[in-house]
Every structure is written in C-alpha cells, then in structure tokens.
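Beneath this line is the structure, given in structure tokens, with notes to follow.
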Amino acid sequence: MTAPPTQVAPTLERPRGVSRAVRWWRSPWRPPRLLEAFAWLYLAWAILPVAIAVWFSFNAGRSRSTWQGFSLRWYWTDPVLSVWHDPDLHSALLQSLRLAALTTAVAVPLGVAFAIGLDRWRGRVAATANFQMLLSFVLPEIILGVALLLVITNLLRFIALGTTAQFLGLVTFQISYPAIICRARLLSIGRDYEEAAMDLGASPLRALRRVLLPLLYPAIFASAVLVFADVIDDFVIVRYLSSDAATEPMSVKIYNSARATPTPALNALATIMLVSSLLAVTLGFLVYRRMTRGERRGASGVEDFAAQL
Amino acid sequence: MAVRSSRAARGQRRAAAARGAWYPRWFWPAFAAPGVLWLALLFVLPFYVVLAIAFGAIDPLFRNPVPIWNPVEWDLSTLGDVVGHIVGRQAYLGPAVARTLVFVVAASLLSLLVAYPVAYFVARHGGRRKGMFLTLLIAPFWVSYMMRMLAWVNLLEGDGLVNRALRATHLIQQPVGWLAGRPSTVVLGLVYGYVPYMVLPLFAGLDRIEPSMLEAARDLGASRVGTFLRVTLPMSRQAILAGMVIVTLPMFGDYFTNDLLSGSPKTSMVGNLINDAIGTPGQGGQGAVLVVLLMLFLLLPMLYYIWSTSRASREGTA
Amino acid sequence: MTRDHLDPPARPRGISRRAFLRGSGAALALTAGGSLLEACGGGSRRAQLSKAGPLLASPGHPVKWPIYPDNQPIAAGLAPERNATLKLYNWSDYIYKKVVQDFEKKYKQYGVKVQISTFNNMDEALAKIRGGKVDFDLLVPTYDVLGKLVQGKYLRPLNHSYITNIGQVWPVFQNPFYDQGWQYSVPYTVYTTGIAWRVDKVSQDVAKLPNPYDVFWDPRLEGKIEILDDYREAMSMVLLRNGITDLNTGDPAKINMVRDQLVDLAKKVQPVVSTNDYVDLPEAKVWVTQSWSGDMVNAQYYMPKGQSADVMRYWFPADGRGAVGSDLLAILRSGKNPVLAHLFLNWMLDSDVAIENMGWNGYQPPLNTINPKELVSQELIPQNLASATVLPQYFDSGFRQLELSPSVDSLWHDAWQRFKAGA
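Protein chains in written order, with my numbering: chain Y, 1 to 309; chain W, 1 to 318; chain C, 1 to 423.
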C-alpha cells in the first residue's frame, strides 16, 4: 500500500525499445561516473608527469625523453656527474635538509605560541598581529624576498647573506602556517578543558602544559610536517638570500640547470627530494595517527590530517 | 585554618574566573610576543626599507640603490616614472602588467574549474575510498614545485614525449615549440603548479556541508542540478573564496614559471619585471617601487578575504 | 525620563585631541625612527654615494689603475693557505671541472678544495659582490666592469711574482689598455660574437647575405631565433646591423633606434633570449642564434646521439670588423685565500691546462703556444666551424664593448628593460 514511489523502477513508464545504455545513464542512483572519470583524469594529469620524470632518472643515457635502458648511474655509479659524486648536487641536498630542519625547529614553536597567544588575547594590538600573520601567509613570496634582501644588504648588514639570512627569511615566511593551523584547532578545542583543570587547582601554566598542549599535539605535528616539506620546496626567498654555490639548495639548482642542459642527474636529485618529503610526511602522518587514536573520525586518519591543513 | 583558607582561595579564583581575570594580564600576550617581535623585525621593518629604497637615491658609480631613511627627504620621482611607464603615453611596463592580470585570472578560473569537480567528487562521493583519494590529492604538495615544472619542461621539449605522441598520432607534422614563448604554455603551467592548493580548501569546505541539507533539498523537489546550484554552490562560497585567495595572490608574484616554460620576453609577468629590475644596476629603485605597487594592489583582496573570513566565522558558516 | 545628564558629553566634531596627539606622535616617531635608521645604516645618504664617474678605459686612452694605500698586493713568497676552500665565481659552464680537480691534485699537500659558484650575467655577479658579505676569491669579469671593481676596491692588486706564466700570453694582453701593467687581472679567454645557424633547417646561406644580421628579423624564422641575454651584446648586434661601429655610443638617437629595432624583433620573431645557445642550437630548439665563438665550438658536444655536428655553421666578418671581446680572471679582495688565488691564476695560464680547458668549454685562450691556424687541424675546432677561430688581428680591426659612463649605461639599460618587458 505504501511502497515508496521511488522504489518503482522507471522502466515501467518507458517504452520497451529504449536501450539499456540509456537506462543505465538515466538511473537516479548511478554513481557519478563522469565526475569520477574526471577526478581520475585529474589525478593522472597531476601525477603522471612527475612519475615520468622519476622514471627517467633511471635512464642509462643522457636524454630525459628517450629511454635508453635502466641504470643507477645518475644516482651514484657515474663517477663525475652522479648525485653521489657531484659535490654541487651533494651540497644542494644537504643545504635543503639543513634549512628545512632549522626552520621547522624554530618556526613551529614560534607559530604555536603565536596562535595560543592570539587566540586568547583581545584588543587592537592583537588584531594587528593577527592581520600581520595572515598577510605573511597570502603575500607573494617575491615581495618578501625582495624586502628581506634589501633589508639585509642595506640595514641589518651584520647578517651575512647565506644560510643565516635564508633561515631568517624562511622562518618569517613559514611562521604563519603553524599559527593558522593551531588557531583553527584551538577554536575547536575551546577553553573548557583548561578551565576544568584550573578548577581542580592547576596554575595557568600547568593547565596549559598538561591539558592544552597535549590536545594540540596533532595540529603541532601536522604543521611541523607542512613546514618541513614547504621549506624543501621553497625557491624565491632562498635564491635571493643565497651567497655562494654552497648555500644554494636543491630547488635553486634545479632552476639553474633546467634552463641549461640538464642530465638525468637533475631528475635524480628531484627524485631524492621527493622521497625525503614523502618520508617526512608519512612519518608525520603515522605519528599523527598514533596520537589521535582516541578521537579519530574517519577510517584512516587521512581526512583529519587533511582537515588540519 | 588551612582548609578554610584553601576554600577561600578557591572561591576567590572562581570569582576571578567569573570576572574573566583569571590569568594575569600579561599571560597571553607573552605567548604571542616572540612571534610578534619576529614579524615586526623581519616582516614589517623590511617593508619600510623597501619604501626607503623606492623613494631613495642611486649611487653614481655602481648605480645600486641607496636608501633614504628619513621620510621627509623621500624622492617620489621614481614612483612617478614607474607609474608613467605603466599607464603613461610611452607605457612599456603596461603590457606586462596587463598580461599578468590576464594570465592570473585565466589560470585561477581554470584552476577553479578543474579543482571544483574533483573536490566535489571526493567530498560527496568518496565513500570508503575517501582516504585513498585524499592521499593522492595531497601528493602533489610534497612534490617540489620546481620538480613539477621540470617534469613539464622535459615533456614539452622539441623531442619530448608530448611532441612525439602528437606526431605519432599524426595530429601535427612538425614538432611544436611549446617552450618558445607561448602564453598558453605559461597559463597551463601556472594552473598545473597551483591547482593542488585549490583542491584542498575546496574539499574541506565541501566536506563540511551537511548531507542532510542536500537531502532536504531533494526532498523538497529540487533536481540534481538545482540542488547543486541553489544549495551546494552558495554554501561552498567561503571555500571558493579561500581557494581563490590561496591561489591567485601568490600567482601575481610568480616569475619562475615563466622563466622555466618560456624563454621569451613576450610572456613576461610582473614578477619578471621586479626580478629583472632588482638585478639591474640603476633599476633597484624601480624594482622597489614595483614591489610597493604590487603590495598595494594585493592589499585590497587580502583585506576583503580577512574581513569575509572573520564575518563567516562569527556567523558560524565557515 | 531625563537621563540626558547621565550621558557623557557629546564628542566634538573633527579630530579629537587624543587622535591628534596620536597622529603627531606617530609622525614624530617615524621621522625620529628614520633618523635613527640613518645612523644605524651607516651615515647620511650623501656619505654613502661614491664619487661620481669611473675612469673609462679604451684602446685610445689606456688606463693604469692606481694601487690604493688601503688595498695593497700581498707580499711575495708566502706559503699557500692550508685546508682552504678556494671560491671561484664564474659564468655557468665556463670552466672544465677536470682542470679544477687537477689544480686540487697539484696542491694536495695543502688540502685545497675549489668551490665553483656561477652567475648568469655580469649584473647579477656585481650585485652579489656589492651587496652581501660574500667571500669569493676569484672572479671572471669582463673588462667593461673592471674600472668599477677597481675603484670600488673590490679587486686585490696582483703580485706578479706568483704568476710566472704571464710570458706566454699574447703581447696585446700583457699590457692591455684596460689594465696597463696587468695590475689587477690576467686574460682568460678571447672570443668573437657572430651568428650561428643550422644548414639543415635554414635554406639560405647566412654568410652570403648582403647584411647577415638581417636574418634575425626574418619573419619566416618566427620562434626559431635566439639572441644573447646580454644587453651589451644584443644591442651591439643591432648597432652593427645598421653599420654603426661605435659600440659604446651615448647618442640617445642611436640608442632609441636600437630599442625600437629590438621591439620590432620581438614582434616579428619572438626570439628566445638566453645564453644557452650552445645547447639550443644542437637540439634544434632554435635554428639561428647570436653566439659567442666559444659557444659554437662547445656546441658540438651537445648534439643529440646519432646526429652529426656538421650541420652547424658560424659567421663572423672575414675582415674582422665585428664584435670581439675577452674575459679576465681577477682576485677579489673579500677572499680569504689570496696566495692560492694567485697560484690558480698561474695555473690557468699554463698552456696545457688552457688547451684542456678549451677542449671542454670551446673558448680560445690567448696564449702564444696555441697557434690559431692549427686549432682546426688539431681537431679542437671542427672544420665546419673554422670561422669560430679567433685570430690576433681581429683585435686590431674588431670593435670592443668598453666600459660606459653611468649615465650612458643607464640609457642602455633602460632600452634593454623596454625590450625585456615584452612591450
């Protein structure tokens, strides 16, 4: 009597000659095939070029577009041009990792403290600080890079160009990432837990340390991972603030060589960079999963991780 | 005695909490202080230096820019020159500026058109595979921008795979010079580089839309398309805005995409103008002026974004 | 209800006293801050500006640079620095790594390591040296910036006792007009600037054209042209196209004409503007390029597998009336290893080392032991590119790009900026 009308197959209303294909297309419960195809196409378009570049880093010949056999020569067997043997590429790799580690170590604590402070502070100065932070997030990097170059070569001359200057510039650029991520997380945490802790007799600092920070760990971790990968990728600031070849990280080397005549050693270098970023992210994600064991929403923690970003 | 005083102390604290003066007044600002100081020194101060150089002098021997610190002595002639070169009669910087606008708008819109369906699909129809899709979507983030551009440079070379595929399928006879100053290559390069940054905010925004809202719309008789246009799209407005800001604003300062994908001045953007001017003796002041102008131009959308975000978060729709 | 008396008095219109004080306080702070920055930044604006105008050297007016009291050469007979990193700042792909490694081997007992940093054009190099606290030891400048570097005291004067190989250098370079008595530099390479093309892609013989430079403006070659990303070289080419042989002219009319023709070039053929011609031509990314002679000799090593380098040609006026130049090696004052730097200069002037270097980068060193006419038979220069040999007499008839005065340089740079902005 009350069979829901939606359960009736639409075919009863249609003439028999209609093909199954049309029915298949017009069914209201069909999964969105076009959309899905589009999404897969997008993923292929996004990932394939990189996969090809990685593939050619194992090329036995000098070409980056003609496959001449499999070989590890660009990684370490070639005595002159491989990443292992070429001191230029070596130093670039080390510089990238060094800058990433240093920047993460300083930008994340600064950013987290900034977020905590801003979240609870009221007043006009706080609003200005908030604006400053958001500004440094959306500003084109070239503006900051030029400004820093000018300030270091004209005013703060005691700072030498090179790793120190690059480190300072990178922290300035990256400080907003942890701040924004932690701010968002703080908004969802709210003040209840701290107030409960203080009702139970904890001092403000203790409440912060024992209650708030552990709740923030996922966000802190996510932002650390993000800053690390972002610094490895950074180009504009490190290029303006570099001094000699030893202070040029991988991104600058790739840029310099890509316009000349790169050998697949460049692909190899980029692949190594890719792998180190991926390792950092995977590690960070696994740690994040462990940390948020209790409050996970999705089946894997990926959605939560992405939601932090 | 001790019991009474601790009870009294607790009572005092509770009263203080009710007044909101629980923490000492310097507590929260102290947290933010290091960050504020850092930004003040290395973010705000450099902009003053940029102004000092933009309105400064030029060393006659080496022709490098010399800052003038005292605002009273600032020399605004460089500003006049640059503005004149952009919009005046002999405007030769104007085409690059106009071109940048066109490229950025085109690339942003294309990114949105590409990213939205993908984000929509993963958010609404991801189902059990959502995690896997997300991982794949986040993957380009961890690939360096340079490497992604390098990958395309490899593919688009004269004897690269793209040309070879096109010739093999007889779509073209001669290899096409993709990297020889084509605006389309640069725009597509920008899209390729920035679209991952658009997908994530869109996904986050679309994911937050309650399915019950959409079901309600369908129950009330709206078609698929109607639901999308009248419910999903407006509710994702904030996410679209966030995505556009994250993608469009940095694109204005991009110069390396053009450098890598096109060797020609025909496609130079504002970023190239700034980069060239900073590196050329005698033109450092012009570079600084361009930076100032770019900042001013971008300040408006940034302010709008910040205002819009804070309004949305107050209304609880973020 | 009369609560009016409880309300605070109405604010006066216009600016309140507090706002005024705040505003004027801010203005005062800004000015005071500005003066403070001035003091911190090192003196007033006037003190920071150099005295105007470098000494300009030219073949007709040779210059002997002064040795300043606060910039003296090092003493003779010093021992090389130990465990040092010798930093060389050079054009990219301009020195053979093996030559550098052999230097390290020769002075192995001192534990020397050489680090090569590169720049893409001279402006970039100058900006780095001027701007940051970099400590490069060696620089490969062109002589048109030598005056600026010497007067800015960025170069260390040479102590000739370390550089005994100077006797092997062409006489014209032992007492060059730009550095009489070779006090600050030694020559590194010599080259000409001409036109290179591929005969398998371009049907006409560029060398036989009435005005070979016109080939760059040929609309049939759209998208297949490359000119050098060097403002002096590119603009000199346009001057020579129009029969103007003064490549250092300050005549605004001539510079404007050059600018207009460059813009016309951009419209007609959309050239690639870069210094990678030695790669782009072999890979057929472009078919006609403006090139330095050494680049063309070098290009043979970049031909894709299976293709012969025979297809390339190089043209330079047979009577030597084209653009010629030379690059120098100089020691920077900011470097920490002056003795090793001197030894390196001496090393690069050794004829075996120089020939090995030429075998890799294609550029000819001006050494007496190298007979230019034999370079082809020695297969250092391929037969089809024999015109890329640099003969000493080219330096008598050829035209050089000399140092420009700042005001003239500014005109040249402005014209170049207009071209590069893609108008």
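Glycine included, each C-beta is placed from N, C-alpha and C at the ideal position.
Beta-carbon proximity of residue i to residue j, cut-off 9 Å
i: W:Ala180; j: W:Ser262; result: yes
i: C:Asp218; j: C:Val269; result: yes
i: W:Phe252; j: W:Leu290; result: no
i: C:Trp197; j: C:Trp315; result: yes
i: C:Leu385; j: C:Val297; result: yes
i: Y:Leu93; j: Y:Ile272; result: yes
i: Y:Ser91; j: Y:Ala246; result: yes
i: C:Thr275; j: Y:Asn256; result: no
i: C:Pro372; j: C:Pro392; result: yes
i: W:Ser308; j: C:Gly422; result: no
i: C:Phe173; j: C:Pro157; result: no
i: C:Leu402; j: C:Asn248; result: yes
i: W:Phe55; j: W:Leu76; result: yes
Inter-residue spacing [alpha-carbon to alpha-carbon] between residue i and residue j
i: W:Thr78; j: Y:Ile142; result: 20 Å
i: Y:Asp86; j: Y:Asn267; result: 14 Å
i: Y:Val281; j: Y:Ala229; result: 8 Å
i: C:Gly42; j: W:Leu37; result: Note that C:Gly42 scores a pLDDT of 46, beneath 50, so its modelled location is shaky; the value from the coordinates is reported in the next line. Going from the Cα of C:Gly42 to the Cα of W:Leu37 covers about 24 Å.
i: W:Arg148; j: W:Glu210; result: 35 Å
i: C:Gln417; j: W:Leu134; result: 45 Å
i: Y:Gln166; j: C:Arg220; result: 47 Å
i: Y:Val342; j: Y:Val231; result: There is no way to answer for residue 342 of chain Y, as the model of chain Y reaches only from 1 to 309.
i: Y:Ser71; j: C:Asp144; result: 47 Å
i: W:Met295; j: C:Asp135; result: 34 Å
Proximal residues of chain Y, C-beta to C-beta of residue i below 7 Å
i: C:Phe444; result: For chain C, the structure presents residues 1 to 423; residue 444 of chain C sits outside this window and is missing.
CB contact below 9 Å: residue i versus chain W
i: C:Pro406; result: yes
i: Y:Pro214; result: no
i: C:Gln101; result: no
Beta carbon proximity, residue i to chain C, threshold 9 Å
i: Y:Val80; result: yes
i: Y:Leu94; result: no
i: W:Tyr92; result: yes
i: Y:Ala224; result: no
i: Y:Gly298; result: Low per-residue confidence applies at Y:Gly298: pLDDT is 49, beneath 50, and the placement is therefore not dependable, though the value from the model is reported in the following sentence. By this cut-off, Y:Gly298 is not an interface position.
i: W:Pro46; result: no
DSSP-derived helix/strand/coil call for residue i
i: C:Leu88; result: strand
i: W:Ile172; result: coil
i: C:Val140; result: coil
i: C:Leu385; result: helix
i: C:Arg45; result: For C:Arg45, the predicted model reports a pLDDT of 44, less than 50, meaning its position is unreliable; a value from the coordinates is still stated below. Three-state DSSP puts C:Arg45 in a helix.
i: C:Ala318; result: coil
i: C:Asp396; result: helix
i: W:Val68; result: At residue 68 of chain W the sequence reads Ile, which differs from the Val that was named. Reduced to three states, the DSSP call for W:Ile68 is coil.
i: C:Lys285; result: coil
i: C:Asp327; result: strand
i: Y:His85; result: coil
i: Y:Arg185; result: helix
i: C:Thr192; result: strand
i: W:Ala21; result: Low local confidence applies: a pLDDT of 42 at W:Ala21 is under 50, so the model's placement there is unreliable, with the coordinate-based value given in what follows. Coil.
i: W:Ser77; result: helix
i: W:Thr267; result: helix
i: W:Glu210; result: coil
Chain Y contact residues for residue i, given Cβ-Cβ distances below 8 Å
i: W:Ala288; result: Val146 and Leu150
i: C:Lys87; result: Asp244
Closer than 9 Å to chain Y by CB, residue i
i: C:Gln115; result: yes
i: C:Lys108; result: no
i: C:Ser92; result: yes
heavy atom of the ligand MN below 8 Å from residue i C-beta
i: W:Val187; result: Absence of the ligand MN is noted for the structure shown, with no ligands found whatsoever.
Residue i: contacting residues in chain W (beta-carbon distance under 9 Å)
i: C:Leu126; result: Phe62, Asn64 and Pro281
Amino acids of chain W, ordered along the chain, whose beta-carbon sits closer than 8 Å to that of residue i
i: C:Val199; result: Chain W residues near C:Val199: none, gap ~18 Å exceeds 8 Å.
i: Y:Ala113; result: Phe31, Ala32, Pro34 and Gly35
Neighbouring residues, chain A, relative to residue i (Cβ below 7 Å)
i: W:Ala96; result: Absent from the structure: chain A. Protein chains present are Y, W and C.
Contacts of residue i in chain W (Cβ-Cβ under 7 Å)
i: C:His160; result: Within 7 Å Cβ-Cβ: nothing; C:His160 doesn't reach chain W, min ~28 Å.
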